[in-house]
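A short worksheet on the structure shown next.
In my numbering, the protein residues as written are 797 to 1339.
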């Protein structure tokens, strides 16, 4: 189970939402005759709001907040989802009515061309009559034309009727996606198909509301490659896999039968990683998937200089929902990444990613570091067990996944130590560069920051509320824009290449957080190397 929990420390979900607001408008009789009043049917005005979402949401957090919009711990515009990824070309809303304990077909609503405003924040309003005090259930769909069998699926959904509808059979409908290269921004693209869980509402006399997140039927992977070798390099080959690349998937989420009203597996929160489920498929059996390979047309040059991020490249691609049964050995082997680089002597040994399935709507971001450095990071808790030693993470030289995980067993102060062992085979002449009293614009220094803290596992600085000991953990990173804060790095006395910092872990049932440690190493020859590492903290409470 620990490996499964490590799986989603990288994940972040990309989602779009169809927001439904129900408001009941009671009607009254204008008949002033002498007979008894016959109450008119009360009805509700159903407003469908199709709106863009500016930020992606981490996969381990709920997809929407109390206002119906996605909350995000990714606040850098560089990582926001694009207009294309949340674009809704055409939508369908299936309305079911509860009768005798079962949900029966009531109606299907879809947008007309005249009502389809393509502005990212567009809204379309539709009125429909709903019986007050009755219960209704809603399923939403979008961009079904972007399926390989899209015309058949649209014909099927628009042909649903009360005489033949059975919800259990409806939930099992299988569909196929197009080739992943069909989903892209620009001319000739197909919009990303989406669907939802079922959401219910019992209509009251007033104050009715309902919001439905639409979930994309594919996943997204982002490989962030940083060249910290001190030399210009070229990526000759980059692969990742295995990914499922064909076959039917369920149109609705695979656990839709038990996932009503946002309780489904795709909405699992940060503290419930152990509840994550491997995807299931309509197929009787699954085969081993294929590797994704970096296209020949990709920009593969990474320069030694970090100016204007010339030493960085990001490669993003969409993938099919993939299960552990698509991995070699029926799930016995994790997904792997392999890279071949020219310009430095490195091999292309496959590296395990510590995960073995990806669900629809997940967004996986993996940092890859190309370096000639060897760095050791230790993680020590205040109350170590008798005879215990700090956990040690070792980042070797080469093209590596620069994200490692450590599991904590109690809250409180955690000390993270770091030691640069060697660069380019040299152990002498190197020193770590810390903030000085004066600096030049664009200059970089060693720093550690919270990169992802979706459920508040790390107690962050609050100048108004935190006690003095907590404030001492933090400093202002003055050389960065926007008054950013980071952990207070403390160089080891007598050492030019090691140091430590402290953070405070909050008492939770369980959770995860990421810390980004950037080491800036300078050599007596004048060479400067920037080494970014990610430390993922998993917390198991109750000890």
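Every residue, glycine too, gets a C-beta built ideally from N, C-alpha and C.
Since the model is a prediction, treat every value here as computed from it, not as a measurement.
Endpoints, the beta strand (DSSP E) within which residue i is located
i            : result
residue 1271 : 1270-1272
residue 1176 : 1169-1177
residue 1244 : 1243-1248
residue 1039 : 1029-1039
residue 966  : That residue, residue 966, is in no beta strand (DSSP E); its alpha helix (DSSP H) goes 963-966.
residue 1115 : 1108-1115
residue 1281 : 1281-1283
residue 1011 : 1006-1012
residue 1300 : 1294-1301
residue 996  : 995-998
Residues bridged to residue i [DSSP beta-bridge criterion]
i            : result
residue 1161 : 1018
residue 1232 : Answer is none; residue 1232 lacks a bridge partner.
residue 881  : According to DSSP, which records beta bridges pairwise, residue 881 is partnered with nothing at all.
residue 1198 : DSSP output for residue 1198 lists no bridge partner at all.
residue 1097 : 1030
residue 1286 : 1296
residue 1166 : 1023, 1195
residue 1316 : 1326
residue 1310 : 1248, 1332
residue 888  : 906, 937
residue 1254 : 1301
Selection from the options that minimises the alpha carbon distance to residue i
i            : options                : result
residue 1053 : 999, 969, 985, 1198    : 969
residue 1201 : 1236, 1162, 1219       : 1162
residue 993  : 1176, 1271, 957, 1055  : 1055
residue 1157 : 991, 1174, 1325        : 991
residue 1248 : 1192, 1123, 1312, 1198 : 1312
residue 1075 : 889, 1116, 1254        : 1116
residue 1145 : 1197, 1096, 1159, 1111 : 1197
residue 1028 : 1105, 895, 1004        : 1105
residue 1274 : 1258, 1316, 1230       : 1230
residue 1006 : 1061, 935, 941         : 935
residue 1040 : 1155, 1327, 1095       : 1155
residue 1131 : 1139, 1150, 1138, 1141 : 1150
residue 1207 : 1336, 1188, 1318, 1323 : 1336
residue 985  : 885, 1101, 1297        : 885
residue 971  : 1013, 1189, 1100       : 1013
residue 881  : 924, 929, 1010, 1233   : 1010
residue 1245 : 996, 1281, 1003, 890   : 1281
Coarse secondary structure for residue i, derived from DSSP in three states
i            : result
residue 1208 : strand
residue 940  : helix
residue 1323 : coil
residue 895  : strand
residue 1151 : coil
residue 1140 : coil
residue 972  : coil
residue 1217 : strand
residue 1058 : helix
residue 1224 : coil
residue 871  : Here residue 871 scores only 26 on pLDDT, less than 50, and its place in the model is too uncertain to base an answer on.
residue 906  : strand
residue 1053 : helix
residue 1080 : coil
residue 1192 : coil
residue 978  : helix
residue 1389 : No statement about residue 1389 is possible, as the shown extent of the chain runs from 797 to 1339 and does not include it.
residue 1329 : strand
residue 1131 : coil
residue 1087 : strand
residue 1042 : coil
residue 1346 : The structure shown has nothing for residue 1346, since the chain only spans 797 to 1339.
residue 1266 : helix
residue 783  : Given that the chain is displayed from residue 797 to residue 1339, the structure contains no residue 783 and the question cannot be resolved.
residue 900  : strand
Beta-carbon spacing of residue i, residue j below 9 angstroms
i            : j            : result
residue 1204 : residue 1334 : yes
residue 950  : residue 1114 : no
residue 1098 : residue 1086 : no
residue 977  : residue 1166 : no
residue 1111 : residue 981  : no
residue 1194 : residue 1295 : no
residue 1327 : residue 1315 : yes
residue 1096 : residue 1083 : no
residue 1210 : residue 1176 : yes
residue 1255 : residue 1266 : yes
residue 956  : residue 1031 : no
residue 901  : residue 938  : no
residue 1033 : residue 1124 : no
Start-to-end residues for the alpha helix (DSSP H) that takes in residue i
i           : result
residue 946 : 946-954
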